[in-house]
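Colleague: Mapping of the sequence shown onto this note's numbering: residues 87 to 282, in sequence order.
Every residue gets a Cβ at the ideal spot worked out from N, C-alpha and C, and that includes glycine.
Quick caveat: nothing in here was measured; it's all calculated off a predicted structure.
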Amino acid sequence: MLSDDALDGLVALLDDYAGVRPPDVAVLAYTFDSRECAAWVAGALEVRGVDTRLVPMAPLDDAGFAARLAAALPSPADLRGRLLVMVLERGTMSHSAALRDGLADFDAERRVVIRSLSSCPDLFTQALRARPSDLAARNATLLGRFSGARRLRIACSGGTRLDVALDGDRYRWISNRGIGRPGSAIILPAGEVATF
Numbered sequence: 087m088l089s090d091d092a093l094d095g096l097v098a099l100l101d102d103y104a105g106v107r108p109p110d111v112a113v114l115a116y117t118f119d120s121r122e123c124a125a126w127v128a129g130a131l132e133v134r135g136v137d138t139r140l141v142p143m144a145p146l147d148d149a150g151f152a153a154r155l156a157a158a159l160p161s162p163a164d165l166r167g168r169l170l171v172m173v174l175e176r177g178t179m180s181h182s183a184a185l186r187d188g189l190a191d192f193d194a195e196r197r198v199v200i201r202s203l204s205s206c207p208d209l210f211t212q213a214l215r216a217r218p219s220d221l222a223a224r225n226a227t228l229l230g231r232f233s234g235a236r237r238l239r240i241a242c243s244g245g246t247r248l249d250v251a252l253d254g255d256r257y258r259w260i261s262n263r264g265i266g267r268p269g270s271a272i273i274l275p276a277g278e279v280a281t282f
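(1) Mind listing, in chain order, the continuous alpha helix (DSSP H) runs of no fewer than 4 residues lying wholly within the segment 220-254?
(2) In terms of residues, what are the limits of the beta strand (DSSP E) holding P207?
(3) To the nearest angstrom, how far is it from the Cα of I265 to the Cα of A128?
(4) Which residues in the same chain as L88 place their Cβ atom closer than 7 Å to its Cβ, once the five residues preceding and following it in sequence are excluded?
(5) Excluding sequence positions up to five away, which residues of its chain have a Cβ less than 7 Å from the Cβ of G188?
(6) Taking the runs of the alpha helix (DSSP H) that are 4 residues or longer, which of them lie wholly in the segment 87-163?
(7) Buried or exposed: G245, going by 16 or more other Cβ atoms within 10 Å of its Cβ?
(8) Closest by CA to A183, which one among R267, A149, S233, F210?
(9) Tell me the residue span of the alpha helix (DSSP H) that contains R186.
(10) My output table needs one value for R166: the three-state DSSP class, helix, strand or coil.
(11) Compute the distance between the beta-carbons of R107 and V133, then report whether it is under 9 Å.
(12) Between which two residues does the beta strand (DSSP E) holding R201 run?
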């Protein structure tokens, strides 16, 4: 059963992260452990009138995935809207080469790729509560504080005390706000600010 919180997250996924609408075509690739979430997304897309195609896959090692993906993809010449490719997995990030090769003929400006690494109900009830615009503002604030820092002190109530030396000249900061760029994937859950 889809709770109200999960429904809110599902709407946020389709509206705020994917921006999907007819005449877009959606291709959902999913692992067995994420099939419930794939069913939620597929049902919501179909209700919206979006042509939706499902591609089951095994995580990490699936020799037939590239062929199943190719069979599900529309012809680039026949695509009237955008192509949304969403990959739902529970704990892996699989088949990157097959996805890259399968999408090579599609204009990067007309495709959205979303890769979810934690496709479980909590993704919808918790992780998608923050919209990309909110994450961008939060992450910009954090990046402003971190970018010039040379040290971070991390302390937790459980007793963790960690001092980290940072080298901003050698390693850059990255920010995952849930906002895509042409040719790259949106990674969910979003919100991470990180360095190396």
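Modeller: Reading from the atomic positions:
(1) none
(2) Here P207 belongs to no beta strand (DSSP E); instead the alpha helix (DSSP H) covers 207-211.
(3) 22 Å
(4) W126
(5) A152, L155, A156, L159
(6) 90-98, 121-133, 151-158
(7) exposed
(8) A149
(9) 182-188
(10) coil
(11) no
(12) 197-202
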